[in-house]
Amino acid sequence: MLGDAPREAVDGGFGLDLSVEAAGEAMALVLDEQQNCPFLSVRVELNTSGLQLEVSAPSEAQQSVELIFLR
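Count along the sequence shown from 1, add 673, and you get the number used in the working numbering.
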């Protein structure tokens with residue numbers, strides 16, 4: 674779901690631009706992963722154009738974050 678979204682590099686992770694329709698599924702994934710990976714830092718902005726999601730983590734967890742969110 675998130676792997677095809679436009680993305681940009683942010684400090685320690687990446688940012689994704691998602692459609693409003695994808696917001697529910699994206700937030701469910703964020704909440705689930707936040708319980709399992711408390712080291713994640715997540716910033717969410719929802720507006721009329723969609724959901725902007727930024728995910729960052731320590732350098733040693735970058736590969737895991739990419740596997741979870743960019744698959």
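Don't be surprised by glycine CBs; every beta carbon is placed ideally from N, CA and C.
Computed from a predicted model, the values in this text were never measured in an experiment.
Between the C-alpha atoms of G688 and A682 there is a straight-line separation of about 6 Å. The beta carbon of E718 is closer than 6 Å to those of Q725 in its chain, skipping five residues each way along the sequence.
Along the length of the stretch 696-739, whole alpha helix (DSSP H) runs at least 4 residues long occupy 696-709, reported in chain order.
Excluding sequence positions up to five before and after L702, its CB lies within less than 8 Å of the CB of M674, L675, I741 and F742, all in the same chain and listed in chain order. Annotation for S714: S729 place their beta carbon closer than 6 Å to its own, counting only its chain and skipping 5 residues before and after.
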